[in-house]
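Visitor: Below you will find the structure I want to go over with you.
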Amino acid sequence: MSFKKKIFKFSISQKILAFIGYLYILFVCYTSKIQIINSELPEKLWRENKPFILAFWHGQLMMIGHVWKSKAVLNMLASSHSDGRFGAYIAGHFNLKNVSIMSKNKSPSLRKVFKILKDRNYIGITPDGPRGPNKKVSEGIIKIAIHSQVPIIPLGFASNKNLKLKSWDSFLITYPFSKCRFVWGEPITIPSSTKDDDLDKYKNFLEEKINDCMESAEKNLNA
Numbered sequence: 555m556s557f558k559k560k561i562f563k564f565s566i567s568q569k570i571l572a573f574i575g576y577l578y579i580l581f582v583c584y585t586s587k588i589q590i591i592n593s594e595l596p597e598k599l600w601r602e603n604k605p606f607i608l609a610f611w612h613g614q615l616m617m618i619g620h621v622w623k624s625k626a627v628l629n630m631l632a633s634s635h636s637d638g639r640f641g642a643y644i645a646g647h648f649n650l651k652n653v654s655i656m657s658k659n660k661s662p663s664l665r666k667v668f669k670i671l672k673d674r675n676y677i678g679i680t681p682d683g684p685r686g687p688n689k690k691v692s693e694g695i696i697k698i699a700i701h702s703q704v705p706i707i708p709l710g711f712a713s714n715k716n717l718k719l720k721s722w723d724s725f726l727i728t729y730p731f732s733k734c735r736f737v738w739g740e741p742i743t744i745p746s747s748t749k750d751d752d753l754d755k756y757k758n759f760l761e762e763k764i765n766d767c768m769e770s771a772e773k774n775l776n777a
């Protein structure tokens, strides 16, 4: 194990690095021009106290705290891996809460997810996480939407000054003094009668809608 990985294993190291990351994100938000398109879509559900599932790509996690304008907490589904814990420490500084969906036997505990939604709370999912493939929707989010009958709202983000890491998710680090844009998509409700044979259809549909939001966010950003 490398020295960097050994250091990263320790909780105190993760907390210190997470706080530095939090300060950096605040600086980016403070110095950047940030535009939010279609904000009325989530705002309507927030006002009506109706839960929804926020869906965006894993590589766009960095700036997600800025777009969440509700006083209600966004519960981000995360793995119990060290990367997930690190994300939880950063999320804790915003109005976000990381929720581990791994039970003691290391199988996904969907009961916890359904309880959150039943209590009219909000969930955020990176449908290509936690390990990819990049920008490919897994069936988990589709099954959650079917069984909970809670809509999915896609979200895209873009910035004109950034670094894309050479990681599986091409993680986007936005620089200070950037032009940034978030684009919310229309809510997607998947019928409760959906069969397993139709899962791929809805996976592809959600993938297309998230990418549409990304393309809209990127359009004329440098103009």
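End of the sequence shown sits at 777 in the numbering used here; the numbers just go up one at a time, nothing left out. Think of the CB as a built atom: it goes at the ideal place given N, C-alpha and C, for glycine as much as any other residue. Nothing here was measured: the structure is a model prediction, and the numbers come from that model.
With three or more C-beta pairs closer than 8 Å as the rule, is the stretch 759 to 771 touching the stretch 710 to 729?
Guide: yes
Visitor: With a cut-off of 8 Å on the beta carbons, I'd call L628 and N649 a contact; round off their distance for me.
Guide: 7 Å
Visitor: Excluding sequence positions up to five away, which residues of its chain have a Cβ less than 8 Å from the Cβ of F725?
Guide: H612, G613, L615, M616, K718 and L719
Visitor: Mind checking S735: buried by the 16 CB within 10 Å criterion, or exposed?
Guide: First, the amino acid is wrong: residue 735 is Arg here, not Ser. Flag for R735 reads buried.
Visitor: Measure the alpha-carbon distance for L577 versus A645 and round it to whole angstroms.
Guide: When rounded, the distance between both Cα atoms is 12 Å.
Visitor: Helix, strand or coil: which one does DSSP assign to F581?
Guide: helix
Visitor: For the stretch 687 to 714, list the beta strand (DSSP E) runs that are entirely contained and at least 3 residues long, ordered along the chain.
Guide: Segments of the beta strand (DSSP E) lying fully in the stretch 687 to 714: 706 to 713.
Visitor: Can you tell me which of the three DSSP states E594 falls into?
Guide: In the three-state reduction of the DSSP assignment, E594 falls in the helix class.
Visitor: Let me know if N652 comes out buried or exposed under the rule of 16 or more other beta-carbons within 10 Å of its beta-carbon.
Guide: N652 should be labelled buried.
Visitor: For L599, I'd like the list of residues in its chain whose CB is within less than 7 Å of its CB, leaving aside the five on either flank, ordered along the chain.
Guide: F606
Visitor: Where does A609 land, buried or exposed, given buried means 16+ other C-beta within 10 angstroms?
Guide: buried
Visitor: Span of the beta strand (DSSP E) holding I618?
Guide: Where I618 is concerned, there is no enclosing beta strand (DSSP E), although the alpha helix (DSSP H) it sits in stretches over I618 to V621.
Visitor: Sort I707, P596 and G575 by Cα distance to L760 and report the nearest one.
Guide: I707
Visitor: Considering only C-alpha positions, which residue in the set V621, I727, L580 and I579 is nearest to I590?
Guide: V621
Visitor: To the nearest angstrom, how far is the alpha carbon of Y676 from that of L580?
Guide: 23 Å
Visitor: Of the residues Y729, D673, D751 and K689, which one's Cα is nearest the Cα of I588?
Guide: Y729
Visitor: Please name the residue in K733, E594, S702 and G686 whose C-alpha comes closest to that of K666.
Guide: S702
Visitor: Give the DSSP-derived three-state secondary structure of W738 in the structure shown.
Guide: strand
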